[in-house]
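See structure below.
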Amino acid sequence: MSANKEQLYHSFQQVFNTWYNSLCNYACSFLKDRDTSEDIVQEVFVRIWEDRPQIIGTEGVRYYLFTAVRNNCISRLRKEKRQIILTLDERMAEPVPERREDPDYRALVRIAIDELPPRCREVFLLSRFSKMTYKDIARSLDISEKTVENQLGKALKLIRAFLKGKGVYIAWALVNIFI
Amino acid sequence: MEDYEYIRLITRHLSNETSPDEETLLRLWLDANPAHLLEFEALKHIWQTGTTVIDEPGFEEQAAWEKIDPLRRPRPLPLWPKILAAACGILVLCLAGWWYYGSQRQAPLQHVLASEDNRQLSLPDGSQVWLRKGAALSYPDQPGQGLRQVDLHGEAFFSTRLQPVPAFQYPDSPGHHRRHRHQFPGQRRGKHG
Numbered sequence: 004m005s006a007n008k009e010q011l012y013h014s015f016q017q018v019f020n021t022w023y024n025s026l027c028n029y030a031c032s033f034l035k036d037r038d039t040s041e042d043i044v045q046e047v048f049v050r051i052w053e054d055r056p057q058i059i060g061t062e063g064v065r066y067y068l069f070t071a072v073r074n075n076c077i078s079r080l081r082k083e084k085r086q087i088i089l090t091l092d093e094r095m096a097e098p099v100p101e102r103r104e105d106p107d108y109r110a111l112v113r114i115a116i117d118e119l120p121p122r123c124r125e126v127f128l129l130s131r132f133s134k135m136t137y138k139d140i141a142r143s144l145d146i147s148e149k150t151v152e153n154q155l156g157k158a159l160k161l162i163r164a165f166l167k168g169k170g171v172y173i174a175w176a177l178v179n180i181f182i
Numbered sequence: 016m017e018d019y020e021y022i023r024l025i026t027r028h029l030s031n032e033t034s035p036d037e038e039t040l041l042r043l044w045l046d047a048n049p050a051h052l053l054e055f056e057a058l059k060h061i062w063q064t065g066t067t068v069i070d071e072p073g074f075e076e077q078a079a080w081e082k083i084d085p086l087r088r089p090r091p092l093p094l095w096p097k098i099l100a101a102a103c104g105i106l107v108l109c110l111a112g113w114w115y116y117g118s119q120r121q122a123p124l125q126h127v128l129a130s131e132d133n134r135q136l137s138l139p140d141g142s143q144v145w146l147r148k149g150a151a152l153s154y155p156d157q158p159g160q161g162l163r164q165v166d167l168h169g170e171a172f173f174s175t176r177l178q179p180v181p182a183f184q185y186p187d188s189p190g191h192h193r194r195h196r197h198q199f200p201g202q203r204r205g206k207h208g
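Protein chains in written order, with the numbering used here: chain A, 4 to 182; chain B, 16 to 208.
The following block contains the structure:
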C-alpha cells in the first residue's frame, strides 16, 4: 500500500470510528430497525471508499455521510411503501410508551424529542447527531438556514414545555440552582 | 427580550452559531437577572441531554469495521473485461446474423412476359432464351454461384452458355442434364448450373 493510500485508509478508519454509532442511531430514527440501519450505514461507508475517497479527511465528509444515510433511509422506506411522514406520524401516534411512566429525566427528554412535530424532530435530530452547522443542515435537508434556526428554537421550546408539564423542569432548576 | 428571541439566541449559542455581537447580547441578558442564568442552564442541560439520549452507544463498531474494512474486502473486479466480453459477444452475434441473412437472402428476380409476341432475351450468365408468345420467365437478377434457377410458365427455347459450368438442371427430372437447346413445354421450373 502506498503512503498516500495508507494515510487515506487511516483517515477512513478514523471517520468510521467517529461517526459510525451516530449514523446508525440517525438511521434508526428513520427505520426503527437496528440491523437495517447498520446495513445502510455500512453501505454508505463502502461507497465513500470506492467512489468518493477524495472527500475522506475533509470537512465535507460529515455532510456527505449524514445526507447519504438520510437519503438511503428514505429510499428504503419508499421501497417498503412506507412514507417517511407516515412513519413519523405513526411514531407520534404510537401507544403511550412504557418510558412515559419512567420518572427519569433522560427518559422524559427522550419522549419529548419523540413527540416533536416531524419536521422539527428531523432538524433537531440531524443537528444533534451530526453537530453540523446551520448551513450544512439546511443544505442536507434542502431548507433555509432560517428554517433550521426556527425549528431548533422550536424544538428546545417544546421540550422545555413538555418537561414543565411533567414538573421536571422546575424541579431540576430548583435542585441545580442551589448546587 | 421576548421569550422566542432569547431561546433563539441560546439555541444559536449552543449550536456555536453566534456572532460576537450576539454573544455580547446573550451575556447582557444573562447578567440582567439571576433567573435568566437559571433558564439558560436549564435549556443547556436539555440540549446536552437531548444529544446524549438519542446518540446512545450500542452498535458493534468493531464487527462493522471488519465487514467494510477495505483491506479485507475483496477488490471489485475492474469493469473493462466485462465490457470487452459483452462487446465480443455482440460482435459475434452481429456476424452470425449477417452471415445468416446473406445465406438466406435471394437475389432479386427479373420477370419477363412475352405477352404479344415471341421474345428473345439474355440471362445474366449469357444464356439466350426465346420465349414463346404467352410465356413468362423469372430469373435471378445476378448470376449466382452453382445452380442457376429459372421459373418458366409456357414454352421457351434455351441456348445455355456452356462456360464455366455447362450443366443444366430442372427439378422435375433430377439428374437429367441437357447441355443446350432445351425446350420446356408447359409450366416448368428449371435449374441450370
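Heads up, the beta-carbon is just placed ideally off N, CA and C, and yes, glycines get one too.
With 16 other Cβ atoms within 10 Å as the buried cut-off, status of residue i
i               : result
D18 of chain B  : exposed
Q63 of chain B  : exposed
A101 of chain B : exposed
K157 of chain A : buried
M95 of chain A  : Only weak support exists for where M95 of chain A lies, its pLDDT of 49 falling under 50; the value from the coordinates is given anyway. It is exposed - the Cβ of M95 of chain A has fewer than 16 other Cβ atoms within 10 Å.
N74 of chain A  : exposed
D139 of chain A : buried
T70 of chain A  : buried
V112 of chain A : buried
E125 of chain A : buried
W52 of chain A  : buried
L119 of chain A : buried
Assumed close pair residue i, residue j - CB separation to whole angstroms, cut-off 8 Å
i               : j               : result
V44 of chain A  : C27 of chain A  : 5 Å
R163 of chain A : I25 of chain B  : That pair is no contact at about 10 Å.
V144 of chain B : A171 of chain B : 5 Å
P76 of chain A  : F19 of chain A  : According to the sequence as given, residue 76 of chain A is Cys; it is not Pro. Actually they are not in contact, since the Cβ atoms of C76 of chain A and F19 of chain A sit about 18 Å apart, beyond 8 Å.
Q135 of chain B : D156 of chain B : That pair is no contact at about 18 Å.
N24 of chain A  : F74 of chain B  : 5 Å
Distance CB(residue i)-CB(residue j) smaller than 8 Å
i               : j               : result
S133 of chain A : A141 of chain A : no
S142 of chain B : S174 of chain B : yes
S143 of chain A : Y66 of chain A  : yes
G169 of chain B : L146 of chain B : yes
F165 of chain A : A115 of chain A : yes
Y137 of chain A : E32 of chain B  : yes
V171 of chain A : Y108 of chain A : yes
I69 of chain B  : R131 of chain A : yes
First and last residue of the uninterrupted alpha helix (DSSP H) at residue i
i               : result
P120 of chain A : That residue, P120 of chain A, is in no alpha helix (DSSP H); it is neither H nor E in DSSP.
R79 of chain A  : G63 to K82
L128 of chain B : No alpha helix (DSSP H) contains L128 of chain B, which is instead part of the beta strand (DSSP E) from L124 to L128.
D38 of chain A  : R37 to D54
L11 of chain A  : A6 to L34
E32 of chain B  : It is not in any alpha helix (DSSP H) - E32 of chain B carries neither H nor E in the DSSP assignment.
E148 of chain A : E148 to G168
E54 of chain B  : P49 to I69
Rounded separation between residue i and residue j - CA only
i               : j               : result
Q77 of chain B  : R50 of chain A  : 19 Å
K160 of chain A : P72 of chain B  : 27 Å
L40 of chain B  : W22 of chain A  : 34 Å
G149 of chain B : E131 of chain B : 7 Å
L52 of chain B  : D46 of chain B  : 8 Å
C31 of chain A  : E83 of chain A  : 15 Å
P181 of chain B : W95 of chain B  : Residue placement at P181 of chain B is poorly supported in this model, since its pLDDT is 47, which falls under 50; the coordinates are not used for a value here.
S153 of chain B : A129 of chain B : 12 Å
P35 of chain B  : T67 of chain B  : 28 Å
E56 of chain B  : A50 of chain B  : 10 Å
D140 of chain B : G104 of chain B : 40 Å
R27 of chain B  : V72 of chain A  : 25 Å
S14 of chain A  : Y116 of chain B : 60 Å
A79 of chain B  : D145 of chain A : 30 Å
V107 of chain B : E41 of chain A  : 45 Å
K59 of chain B  : D117 of chain A : 19 Å
S30 of chain B  : N48 of chain B  : 23 Å
L155 of chain A : K82 of chain B  : 36 Å
G60 of chain A  : Q10 of chain A  : 10 Å
Residue interval of the beta strand (DSSP E) (run including residue i)
i               : result
S142 of chain B : Per DSSP, S142 of chain B belongs to no beta strand (DSSP E) and is neither H nor E.
P85 of chain B  : Where P85 of chain B is concerned, there is no enclosing beta strand (DSSP E), given that its DSSP letter is neither H nor E.
L177 of chain B : From DSSP, L177 of chain B is part of no beta strand (DSSP E); its letter is neither H nor E.
A151 of chain B : A151 to P155
S137 of chain B : R134 to S137
R163 of chain B : R163 to H168
Contact test: residue i Cβ vs the ligand NAD heavy atom, cutoff 7 Å
i              : result
T33 of chain B : The ligand NAD is not part of this structure, which contains no ligands at all.
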